[in-house]
DNA sequence: AAGTGGTCTAGACCACTAG
DNA sequence: TAGTGGTCTAGACCACTTC
């Protein structure tokens, strides 16, 4: 038998991912929820605690508990780990190079857990920091999950992409799985990042996951690490 | 005023970092501890919970709560994120190339928060996976923290270095701060990793921290990512 | 003053481990 | 059977926000 607080947690997730409580909205008070589920308030709090730890909910003392919104600055940097030499993080300026619809290849289908040759949307973005191109993102999205997605919707608010996924398509990115390697740039990548051909790049292959570890986005990034680096903290709470 | 459970947590940390309970040993039962601190058992549990989350303690139902030992396999991989192409992780074979005493340069002193020109120990290790050299570690340690450290002690159990820090010098590595870049190898690095000069490497600059975020080790790694990658999971509990 | 989340208590009962 | 951690309850009181 599953513990009660796990069942309550699962039930809360249903309500959130089902759109019953929208991002930015407050969920009912702890007393109400506990009464509704027929559990003690301590048990309800334990379920909420775990969702707060997973960044799905945020508590605001004296006000209520809210569904997180991904456009908040600290949500933004939760998944953006590129920092400049002095450790400062900055919002990148995003420029969309291309936006088109295609079919998934075998590797992509495997990564995204979709059928081979499933329809996908491909977006290529150049991200600039301090006015210089530093990062090239190649994003692949399963088309069925993003109905009616247009380039315009993407570019108009592209610096908070996960917020777009959440507000327009009800998709909460909770976790990402990243693999990093050092590579030599291809010609087109070098051109877009305006670098010499002999300069190595950091390649990040990221799969973004939502509830139940379902993949929703594949993103391959190439980073010019001349003046920037990828920052990672292991062993405790989130990086600041 | 600090919450009670925070005070209890701080007190527990004192007992652990002070060597009162040694790694691998069980701490007193929750009932005993609660009585000793004069708090409710729920409050004591909350303090213990946070230390379990920080990987300082582990609970074993029916047996007791133990101070973490860093030689456990899952502790090993907590800070070793290099995996092969298929995602499998493997214990590296370690070969010590050099071991010598020196003085810290300015950058190292800043990273380790020690006086300029402080005595340090420098170790250079080559780590092999599947019989091939994949990783070159350049480790810098503040000598005063590691009295009597010899090459022999290091090499004899070098595949669990943090366990050595813990068992011999009472230093618990709790957190690491890593910065990743793509670089071209210097001649000596290329030679030790047996790679061509034109092949890019992943550079990892890691500072290891103990209680109160005190730095205890600086490690610069160079990784041949031809058949391996650096694996990172963001947004939830520890990677498996 | 009313409503919210945050802390703390005291105790019951369950699940697991060991002798 | 005894001892440990794991779950769950019911309620008191505090701190913060809003009206």
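Chains as they are written, first to last, in our numbering: chain A, 1 to 240; chain B, 241 to 480. Quick reminder that beta carbons are idealized off the backbone N, C-alpha and C, glycines included. Just so it is clear, the structure is predicted and the values come from calculations on it, not from any experiment.
Can you tell me where the beta strand (DSSP E) holding residue i begins and where it ends?
i: residue 64 of chain A; result: 64 to 67
i: residue 299 of chain B; result: 297 to 300
i: residue 450 of chain B; result: 441 to 450
i: residue 323 of chain B; result: 322 to 324
If we count the other Cβ atoms within 10 Å of its Cβ and call it buried at 16 or more, is residue i buried or exposed?
i: residue 459 of chain B; result: buried
i: residue 331 of chain B; result: exposed
i: residue 390 of chain B; result: exposed
i: residue 406 of chain B; result: buried
i: residue 210 of chain A; result: buried
i: residue 292 of chain A; result: Chain A is shown from 1 up to 240; residue 292 of chain A falls before or after that span and cannot be answered.
i: residue 281 of chain B; result: exposed
i: residue 214 of chain A; result: exposed
i: residue 271 of chain B; result: exposed
i: residue 242 of chain A; result: This structure cannot settle anything about residue 242 of chain A, because the visible part of chain A is limited to 1 through 240.
i: residue 249 of chain B; result: buried
i: residue 35 of chain A; result: exposed
i: residue 200 of chain A; result: buried
i: residue 436 of chain B; result: exposed
i: residue 398 of chain B; result: Because residue 398 of chain B carries a pLDDT of 46, less than 50, the predicted location of this residue cannot be relied on, and the following value inherits that uncertainty. Buried: at least 16 other Cβ atoms inside 10 Å.
i: residue 187 of chain A; result: exposed
i: residue 430 of chain B; result: buried
i: residue 3 of chain A; result: exposed
i: residue 185 of chain A; result: buried
Locate the alpha helix (DSSP H) running through residue i, then write down its first and last residues.
i: residue 275 of chain B; result: 270 to 277
i: residue 193 of chain A; result: 187 to 193
i: residue 173 of chain A; result: Looking at the DSSP string, residue 173 of chain A is not in any alpha helix (DSSP H), and its letter there is neither H nor E.
i: residue 347 of chain B; result: 346 to 352
i: residue 71 of chain A; result: That residue, residue 71 of chain A, is in no alpha helix (DSSP H); it is neither H nor E in DSSP.
i: residue 287 of chain B; result: 281 to 293
i: residue 389 of chain B; result: Here residue 389 of chain B belongs to no alpha helix (DSSP H), and DSSP marks it neither H nor E.
i: residue 247 of chain B; result: 244 to 257
For residue i, which residues does DSSP report across the bridge?
i: residue 336 of chain B; result: B/365
i: residue 232 of chain A; result: B/418
i: residue 139 of chain A; result: A/123, A/219
i: residue 423 of chain B; result: B/441
i: residue 342 of chain B; result: B/360
i: residue 373 of chain B; result: B/368
i: residue 27 of chain A; result: A/65
i: residue 454 of chain B; result: B/450
Output yes or no for whether 8 Å exceeds the beta carbon distance between residue i and residue j.
i: residue 82 of chain A; j: residue 65 of chain A; result: no
i: residue 27 of chain A; j: residue 21 of chain A; result: yes
i: residue 95 of chain A; j: residue 134 of chain A; result: no
i: residue 404 of chain B; j: residue 393 of chain B; result: yes
i: residue 456 of chain B; j: residue 411 of chain B; result: yes
i: residue 115 of chain A; j: residue 109 of chain A; result: yes
i: residue 52 of chain A; j: residue 59 of chain A; result: yes
i: residue 317 of chain B; j: residue 329 of chain B; result: yes
i: residue 414 of chain B; j: residue 307 of chain B; result: no
i: residue 277 of chain B; j: residue 402 of chain B; result: no
i: residue 352 of chain B; j: residue 382 of chain B; result: yes
i: residue 442 of chain B; j: residue 470 of chain B; result: yes
i: residue 256 of chain A; j: residue 93 of chain A; result: Any property of residue 256 of chain A remains undetermined from this structure, which presents chain A solely from 1 to 240.
i: residue 176 of chain A; j: residue 475 of chain B; result: yes
i: residue 69 of chain A; j: residue 131 of chain A; result: no
Segment contact flag, the region 116 to 135 of chain A with the region 91 to 104 of chain A, C-beta cutoff 8 Å, min 3 pairs
Flag = yes, the region 116 to 135 of chain A and the region 91 to 104 of chain A touch.
Does the count of Cβ pairs from the region 213 to 232 of chain A and the region 409 to 423 of chain B closer than 8 Å reach three?
Verdict: yes, contact present.
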